[in-house]
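Structure first, commentary second.
Numbering (our numbering), first residue to last: 774 to 1106.
Printed below as a string of structure tokens:
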């Protein structure tokens, strides 16, 4: 089996730059495969908005541009809604539908690249891009938001268009307290370039189902027996958490290189928020890469303290539990 704790991937900003495209789980999604919830028209409206956003594309010498101007300036579209309404599906579909130089990255990837390359280097790396797609734009940290604002302020006037998504706090769903206003206030100077679109609806991963339970030891053993040991990593939750503290989230893809399945045993509560957030980022990467995963130990509802689940990072923890639940259903299938 693969020992993840023996892996210590080095910083690799150039490798990250080369891989800014939809991950394995989203390789085959398209606008036509999006299944909006008919009870929430805003979901289909979001798809229509993105398709309209791309219709200005035209061929020009040397590549494609999104808008018909001699020196086209970039425009933006911001999709705001709860987790599990298909925002990443729509973002990946936009990537595949668009022409020209484009990149899809998480907000965390962007922050890492700015930190690793410096603001000037990061701007230079994306200068000339026709379209940037930024998933999970975070408004929790004013410093990071300021860096993103500075970055986009230098690219958009030169012709780079941007589509960004963000999660609304779960407790705000249905109450009209969405993040669009916060987003526009935080990106002063380029806010007038962005149209905002709100997406309502419940988590599609739980649509018509109940959240999955962790596997029993017997079920976990049966799952493990079905995996190929050459591409399987199995470790305890405690060992995983300890190792994740030593590996920056931007390197999680390298950490999982060549891995097809991950089993985590002895799940336990995570009272330290630094540990909990690293675990959340790891789950995001497992999910995005489309890896098989199984979990045993404490019930999912016991992993994160109620304080965290209703605090500033509530949306991250809720999305994490939703994704773990989906992977557990896949493991039991």
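Built from N, CA and C at the ideal position, the CB exists for glycine as well.
Quick caveat: nothing in here was measured; it's all calculated off a predicted structure.
Thinking C-alpha only, which one of the options is nearest residue i?
i: residue 857; options: 1062, 974 and 1028; result: 974
i: residue 936; options: 915, 893, 862 and 906; result: 906
i: residue 882; options: 1088, 812, 778 and 909; result: 909
i: residue 815; options: 939, 852 and 1001; result: 852
i: residue 1105; options: 1044, 1019 and 999; result: 999
i: residue 1096; options: 1027, 977, 924 and 1031; result: 977
i: residue 928; options: 863, 1004 and 849; result: 849
i: residue 825; options: 990, 968 and 780; result: 968
i: residue 885; options: 990, 778 and 917; result: 917
i: residue 797; options: 1073, 1057, 1087 and 1088; result: 1057
For residue i, does the count of other Cβ atoms within 10 angstroms reach 16, so buried, or fall short, so exposed?
i: residue 1070; result: buried
i: residue 819; result: buried
i: residue 1107; result: Since the first residue shown for the chain is 774 and the last is 1106, residue 1107 is missing from the structure and cannot be characterised.
i: residue 1075; result: exposed
i: residue 801; result: exposed
i: residue 795; result: buried
i: residue 838; result: Note that residue 838 scores 48 on pLDDT, short of 50, meaning its location in the model is unreliable; the coordinates nonetheless yield the value given after this. Flag for residue 838 reads buried.
i: residue 919; result: exposed
i: residue 714; result: This structure does not reach residue 714, given that the chain is present from 774 up to 1106, and the question cannot be answered.
i: residue 1014; result: buried
i: residue 970; result: buried
i: residue 861; result: buried
i: residue 1018; result: exposed
i: residue 830; result: Confidence is the limiting factor: at residue 830 the pLDDT is only 44, short of 50, which leaves the residue's position unreliable, though a coordinate-based value still follows. Counting Cβ neighbours within 10 Å, residue 830 comes out buried, since at least 16 surround it.
DSSP three-state label for residue i, please.
i: residue 1064; result: coil
i: residue 963; result: coil
i: residue 848; result: coil
i: residue 803; result: coil
i: residue 876; result: strand
i: residue 1056; result: helix
i: residue 988; result: strand
i: residue 1008; result: strand
i: residue 781; result: coil
i: residue 972; result: strand
i: residue 794; result: coil
i: residue 1001; result: coil
Rounded to whole angstroms, how far is the Cβ of residue i from the Cβ of residue j, which I believe are closer than 8 Å?
i: residue 1101; j: residue 1029; result: The Cβ separation is near 18 Å, so there is no contact.
i: residue 1108; j: residue 963; result: For residue 1108 there is no data in the structure shown, the boundaries of the chain being 774 and 1106.
i: residue 876; j: residue 793; result: 4 Å
Across the segment 879-892 and the segment 1084-1094, are there enough close Cβ pairs to call them in contact, namely three or more that are closer than 8 Å?
no
So does the segment 1028-1038 actually touch the segment 1061-1075, counting three or more Cβ pairs closer than 8 Å?
yes
With a cut-off of 8 Å, do at least 3 Cβ pairs link the segment 776-793 to the segment 1017-1028?
yes
Taking 8 Å as the cut-off, does the segment 803-814 touch the segment 1047-1063 (at least 3 CB pairs, one atom from each stretch)?
no
Would the segment 861-876 and the segment 897-906 be scored as touching if the rule is three or more Cβ pairs under 8 Å?
yes
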